[in-house]
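Asks:
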Amino acid sequence: MIATFRIPGAGRLKQAETARFSFDGQSYAGVEGETLASALLANGVHLVGRSFKYHRPRGFLSAGAEEPNALVEIKRDAARKTPNVRATVQELYDGLTAQSQNRWPSLAFDVSALGDIASPLLSAGFYYKTFMWPKSAWKNFYEPKIRAAAGLGVAPDQPDPDHYSARFAHCDVLVLGGGAAGIAAALAAAESGVRVILADEQADFGGSLHFESGARIDGQDGFAWAQGAVAKLKAMDNVRVLSRTTAFGYYAQNFVGLVERVSDHLQNPDRELPRERLWQVRARRVVLATGAIERHIVFADNDRPGIMLASAARTYLNHYGVAVGRNVGVYTANDSAYAAAIDLKKAGVGVAAIVDLRDNPSGSVIDEARALGIEVNFGRAVIRAGGKLRVSSMTVQPKNGGGERTIPVDAILMSAGWTPSVHLFSQSRGKVAFNDETKRFVPGTYAQDCVSVGACNGTDGLSATIDEAYAAGAKAAKDAGVKNAGANIVKGTKPKVDASESWSRGMLGAAPGAGPDTTVKAFVDFQNDVTAKDIRQAVHEGMRSIEHVKRFTTNGMATDQGKTSNMHGLAIAAETLGKPIPQVGLTTFRAPYTPVTFGSIVGHARGPLFDPTRKTAIHPWAEAQGAVFEDVGQWKRAWYFPKAGEDMHAAVDRECVTVRKTAGLFDASTLGKIEVVGPDAAKFMELLYTNPWEKLEPGRCRYGIMLREDGFIYDDGVVGRLAADRFHVTTTTGGAPRVMNHMEDYLQTEFPHLNVWLISTTEQWAVIAVQGPKSREIIAPLVEGIDMSDGALPHMSVREGRICGVPTRLCRMSFTGERGFEVNVPADHGQAVWEALWAEGQKHGACAYGTEAMHVLRAEKGYIIVGQDTDGTVTPNDAGLDWAVGKKKTDFVGIRGMARPDLVAKGRKQLVGLKTKDPKVVLEEGAQIVGDPKQAIPMTMIGHVTSSYWSENCGRSIALALVAGGRDRMGETLYVPMPDATIEVEVTGMVFFDDKGERLNG
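Structure follows, in structure tokens:
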């Protein structure tokens, strides 16, 4: 079936199969290999959406990823609905179902278009000045209505049945962009033998060669050359070619995120195929060949459906064989739009006129246009477009004023010039530079090992582009430092450009007829309905930075990230401020380059795999014993071990009593463990912890506190010194990753001169805590090569030997206040050693205890848990841990923060103990504390409960709390207001059991 606007013999899809699809319930036919946009245009459909704020009718602006208007919902079934898909990117397949968005009840008749009539009330920044009165209306009226109107598409309401995959890859040269520049760079790099990845967001490589009819390379049509060159690259073992793959983010150390669309273009995807694949690529060198984006012209009503970029019309014609109209007008400020008019004219499409803002341009394309009989008007401007649901005319006037002329058209092609796509370069933290001659930002100072080539580098002309790109690819391969990479590679030759097209520069800002003396709707940002007058209003209201202008107007904040609007908005702001463009600045280019689905980021991490479940080597034993587990971070930890007829409280009471009477075994494998190794290990520890470490003897342990720069407690743990150059560091269970990151960060950025290595060993060691008066008797029979006597192995010591025939690091330490040991063994032997210790423990009446009993036991001794008894604002002094801060130390992370006046001022919240006047009442953790329960509401809160338990060993409830001036309130009565009663409490010390610490030695 031949659609109305499909040109016989035009385009590259002549042999393609018919693909039937629907849009808003209407059935159409297209051809496989084209996009939804080209298929709709082939059927004469231009109206495809409504704008966000004014709900104005919108059509296609572009033919690629920069599209701001044509966002649709693609639906395969009830569960497979994807909103905000760019119709210019979505490939057509038989049976595709698409639906327009942001309209009701229909696309042609949208009730919310009344907003366009009310536009004077909805000008830039109106949301900062309205919805303030009456105050009560915000919650009950304004907010619900705003939330209902927010957004474009409708989010899916069913679980996504598709799956997504992820791959990590390393290469020597990563080439981003598959146009002429990217292909040339990839050829040069690949021919040297290095590992190359070439990625491009389109289905077919070629970039602008998709539409450039005048390009010839190596004796072939430009697009045909691109396909041949890519086929050659695919055949090379050292090259990976990724089509339909968008580079969305450029991160530190040449780490680039890519998303590959694997099956969205298929009619019946194989269920084994992922829908999308996330590539995380680390490259030695990156070549950016991301091209340039054509700019629209800012004139009145430039958003009518049927008004689009000239390059888009060429793409639809030369690649897809589709005419965007029958009587087309062209409005331009550079030569590239002439090529569009020429191609359309040669294809039999009427070209009503070319309107050129320039006064007296000259060149071969202008001569050819005139030779074809196309009317050319110099020094004139299109001051407005006619029509509503489809453009119907363009009104032309001399750009300096004069008589108007209305020309009937059914499409307008526009081009204000080309903007280098510097998004990824900027994301790499490179600094752009403004070329005043060409009026464009181009890559300036590089921050990473990358190079920009071609149009994104401001290079004009196909021949110059290929020369630059080929040389850059060869240099990138050489700089990658791969020795003998090209020993068996036959060198290729640089592609030769036989013919090309040349484009001149263009203009920035508002065109004549949309200047500061007008109030017309001349759109800068199509999706967010930002006009030239909005930009000027922002400046008039005090916005001086382009970042402020952006947020006041929302220019560049839509899903297209301002790809077509940023430069125009910047130029209009600069003109209004009376400053050069570079002085006004440039908005920040943030990842992602184009929207990325949650599915591709999440991958398999959903449902049961949303967060990895980590289990210790001893988990199977605990499970077999009927343990109840709790989640601690990602770990499953035994919470308590109930016996028949016991509830949680009875089990925990029994476990706590047994540990203090005889002994208990506890799985402490989840504690973070980090090996700090190297000649400067002690110096590094001195800088990262508050405690002194230089004089700690090998074989001894010490409790350590780690602070942030602000002086607040970050983590804690016991550290054992195994040798002069080796420390075994433990961290809290939840703190292990952040402490490792914290250490690495300081080692790499602040203390790179230290000769130290950090190794995470959390998974390598199973840790069995044996605590209680009988702990030594339980362990001793199984230990080889370690003297277990108090004299040889005093409290806070570590020895290396063997237990049950396997290596062990045996620490004498306690988190219960009893004689205690922590047995570290290789994780593979963890359960076997536990079972051997359990067998010995049974001889002495020992029990297994879980995390709840561990919490109670440590609270009885006043031992803190970071993150529970601290809240990110607690200093060592607040926690009563001044003794753990080296008094003679002159430097460590947080030392200056600790000295801040507000951190040493009186009245700070300090950790204290609390005893309820009624010993049977157990406080709620998090409960607020007041000094006067009769004060007016809202009461002045002076603290809160951090830990609270029933202690069977103490025969009463116990609690820890952060209380303002707590240590000065000893013996004072405070109050804990609760919904049903106010609880009286007495402020006490933090130690509730064995306050002299005599039980540490049995």
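For the sequence shown, the working numbering begins at 404 and goes up steadily by one. We treat Cβ as the ideally placed atom computed from N, Cα and C, and that holds for glycine. None of the values given here were measured: they were computed from a predicted structure.
1. Give me, in chain order, the residues of the same chain whose beta-carbon lies closer than 8 Å to that of Arg570; leave out the 5 immediate sequence neighbours on both sides.
2. What are the uninterrupted segments assigned as alpha helix (DSSP H) that are 4 or more residues long and contained completely in the region 1171-1198, given in chain order?
3. Identify every residue that forms a DSSP beta bridge with Pro508.
4. Could you tell me how far apart the beta carbons of Leu1403 and Arg1222 are, in whole angstroms, since I believe they sit closer than 8 Å?
5. Does Lys1312 come out as helix, strand or coil in the three-state DSSP assignment?
6. Taking all protein chains shown into account, do 16 or more other C-beta atoms lie within 10 angstroms of the C-beta of His458, making it buried, or fewer, making it exposed?
7. Select from Ser765, Ala1339, Ala695, Ala592 the residue whose C-alpha is nearest the C-alpha of Ser611.
8. Within the same chain, show all residues whose beta-carbon is closer than 7 Å to that of Asp1083, passing over the 5 residues directly before and after it, in chain order.
9. Quick one, which of Gly462, Asp920, Asp497 has its alpha-carbon nearest Val727's?
10. Measure the beta-carbon distance from Glu476 to Thr485 and round it to whole angstroms, keeping in mind my assumption that it falls under 8 Å.
11. For Tyr996, write down the residues that DSSP places opposite it in a beta bridge.
12. Measure the Cβ-Cβ separation of Leu760 and Ala744 and say whether it is below 7 Å.
13. Out of curiosity, what's the CA-to-CA distance linking Ala1364 and Gly1392?
14. Considering only the beta carbon of each residue, do Trp1286 and Val1325 sit closer than 7 Å?
15. For Pro1095, I'd like the list of residues in its chain whose CB is within less than 8 Å of its CB, leaving aside the five on either flank, ordered along the chain.
16. Given that a residue counts as buried once 16 or more other Cβ atoms are within 10 Å of its Cβ, and exposed if not, what is Val701?
17. What's the C-alpha gap between Ser765 and Asn780?
18. In chain order, which continuous runs of the beta strand (DSSP E) of length 3 or greater are located wholly inside the region 567-653?
19. Rounded to the nearest angstrom, what separates Leu1213 and Val1186 at their Cα positions?
20. With DSSP run on the structure shown, which of helix, strand or coil describes Cys1357?
21. Is it buried or exposed, Ile777, if we count other Cβ atoms within 10 angstroms and call 16 or more buried?
22. Would you report the Cα separation of Arg643 and Lys637, rounded to the nearest angstrom?
23. From the DSSP output, which residues share a beta bridge with Val779?
24. Give me the Cα-Cα distance between Asp1397 and Gly1265, rounded to the nearest whole angstrom.
25. Which residue comes first and which comes last in the beta strand (DSSP E) that contains Tyr1117?
26. Does the ligand ATP have a heavy atom nearer than 6 Å to the CB of Val727?
27. Taking Ala788 as the reference, give the member of Ala774, Ile769, Ile815 with the closest Cα.
28. Got a sec? Which residues, its chain only, sit under 8 Å from Arg773 by beta carbon, not counting five neighbours each side?
29. Three or more C-beta pairs closer than 8 Å, one from the region 927-943 and one from the region 952-962: is that the case here?
30. So, helix, strand or coil for Thr1061, using DSSP?
31. Any chance the region 607-627 sits against the region 660-671, with 3 or more Cβ pairs inside 8 Å?
32. Nearest CA to the CA of Asn446: which residue from Lys456, Ala422, Phe455?
33. Is it right to say Lys1076 is buried, meaning 16 or more other beta carbons lie within 10 angstroms of its own, or is it exposed?
34. With distances taken from CA atoms, which of Arg1111, Tyr1092, Ala1085, Thr1093 is nearest Leu1099?
35. Do Ala925 and Ala703 have their beta-carbon atoms positioned less than 7 Å apart in this structure?
36. Is Lys850 buried or exposed, if buried means 16 or more other CB atoms sit within 10 Å of its CB?
Replies: For this structure:
1. Within the sequence shown, residue 570 is the residue found at index 167, counting from 1. Counting only residues of its own chain and dropping the five nearest sequence neighbours on each side, Arg570 has a CB closer than 8 Å to the CB of Arg680, Leu681, Trp682, Gln683.
2. Listed in chain order, they are 1178-1182.
3. What you label residue 508 is simply residue 105 of the sequence shown in a count that begins at 1. The partner list for Pro508 (beta bridge, DSSP) reads Asp513.
4. Taking the first residue of the sequence shown as 1, we reach residue 1403 at position 1000. Taking the first residue of the sequence shown as 1, we reach residue 1222 at position 819. About 6 Å separates the Cβ atoms of Leu1403 and Arg1222, confirming a contact at the 8 Å cut-off.
5. Sequence index remark: in the sequence shown, residue 1312 carries index 909 (1-based). Lys1312 falls in the strand class under three-state DSSP.
6. Here residue 458 refers to the residue found at position 55 when the sequence shown is read from its first residue. The residue is buried, with at least 16 neighbouring Cβ atoms inside 10 Å.
7. The sequence position of residue 611 within the sequence shown is 208, counting from 1. When only C-alpha atoms are compared, the closest one is Ala695.
8. Position 680 of the sequence shown, counted from the first residue, corresponds to residue 1083. Same-chain partners within the cutoff: Leu1157, Asn1158, Val1159.
9. Residue numbering aside, residue 727 sits at position 324 when the sequence shown is read from its first letter. Taking the Cα of Val727 as reference, the smallest distance to any Cα among Gly462, Asp920, Asp497 is reached at Gly462.
10. The residue you call residue 476 lines up with position 73 of the sequence shown. The residue you call residue 485 lines up with position 82 of the sequence shown. Rounded, the Cβ-Cβ distance is 7 Å, consistent with contact.
11. As a first step, residue 996 must be located in the sequence shown, where it is residue number 593. In the DSSP assignment, no residue is bridged to Tyr996.
12. The count along the sequence shown starts at 1 and reaches residue 760 at position 357. The count along the sequence shown starts at 1 and reaches residue 744 at position 341. If you check the CB distance, Leu760 and Ala744 do not come in under 7 Å.
13. If you number the sequence shown from 1, residue 1364 lands on position 961. If you number the sequence shown from 1, residue 1392 lands on position 989. Those two C-alpha atoms are separated by around 11 Å.
14. Position 883 of the sequence shown, counted from the first residue, corresponds to residue 1286. Position 922 of the sequence shown, counted from the first residue, corresponds to residue 1325. Taking 7 Å as the Cβ cut-off, Trp1286 and Val1325 do not qualify as a contacting pair.
15. Here residue 1095 is taken as the residue at index 692 of the sequence shown, counted from 1. Short of 8 Å from the beta carbon of Pro1095, and not among the five residues preceding or following it, lie these beta carbons of its own chain, in chain order: Glu1089, Gly1289, Lys1291, Lys1292.
16. Sequence index remark: in the sequence shown, residue 701 carries index 298 (1-based). Only buried fits Val701, as 16 or more other CB atoms lie within 10 angstroms of its CB.
17. Position 362 of the sequence shown, counted from the first residue, corresponds to residue 765. Position 377 of the sequence shown, counted from the first residue, corresponds to residue 780. Approximately 12 Å between the Cα atoms of the pair.
18. Entirely contained in the region 567-653, the beta strand (DSSP E) runs reaching 3 residues are, in chain order, 568-579, 599-602, 642-645.
19. By one-based count along the sequence shown, residue 1213 stands at place 810. By one-based count along the sequence shown, residue 1186 stands at place 783. Cα to Cα, the separation comes out at about 9 Å.
20. Mapped onto the sequence shown, residue 1357 falls at position 954. In the structure shown, Cys1357 adopts coil according to DSSP, grouped into three states.
21. What you label residue 777 is simply residue 374 of the sequence shown in a count that begins at 1. Sixteen is the threshold: when 16 or more other Cβ atoms of the shown chains lie within 10 Å of the Cβ of Ile777, as they do, the residue is buried.
22. Within the sequence shown, residue 643 is the residue found at index 240, counting from 1. Within the sequence shown, residue 637 is the residue found at index 234, counting from 1. Using only the alpha carbons, I get a separation of about 7 Å.
23. Translated into positions along the sequence shown, residue 779 becomes position 376. Partner(s): Ile757.
24. Within the sequence shown, the letter at position 994 stands for residue 1397. Within the sequence shown, the letter at position 862 stands for residue 1265. Computed Cα separation, rounded: 11 Å.
25. Taking the sequence shown and counting its residues from 1, one reaches residue 1117 at position 714. 1116-1126 is the extent of the beta strand (DSSP E) around Tyr1117.
26. The ligand ATP is absent from the structure shown, which contains no ligands of any kind.
27. The sequence position of residue 788 within the sequence shown is 385, counting from 1. Of the listed residues, the one whose Cα sits closest to Ala788 is Ile815.
28. Translated into the one-based positions of the sequence shown, residue 773 becomes position 370. Taking C-beta separations shorter than 8 Å and ignoring five residues to either side along the sequence, the partners of Arg773 in its chain run Val779, following chain order.
29. In short, these stretches touch, since the Cβ pair count reaches three.
30. The count along the sequence shown starts at 1 and reaches residue 1061 at position 658. Under the three-state reduction of DSSP, Thr1061 is assigned to helix.
31. The region 607-627, when compared against the region 660-671, does not touch it at the 8 Å Cβ threshold.
32. Within the sequence shown, residue 446 is the residue found at index 43, counting from 1. It is Ala422 whose Cα lies nearest to the Cα of Asn446.
33. Start at 1 with the first residue of the sequence shown, and residue 1076 comes out as number 673. Buried, by the Cβ-count rule.
34. Here residue 1099 corresponds to residue number 696 of the sequence shown, with the count starting at 1. Taking only the C-alpha atoms, the option nearest Leu1099 is Ala1085.
35. The residue you call residue 703 lines up with position 300 of the sequence shown. The residue you call residue 925 lines up with position 522 of the sequence shown. In this structure, Ala925 lies closer than 7 Å to Ala703 by Cβ.
36. Position 447 of the sequence shown holds residue 850. A small correction: the amino acid at residue 850 is Ala; Lys does not occupy that position in the sequence shown. Exposed, because fewer than 16 other Cβ atoms sit within 10 Å of the Cβ of Ala850.
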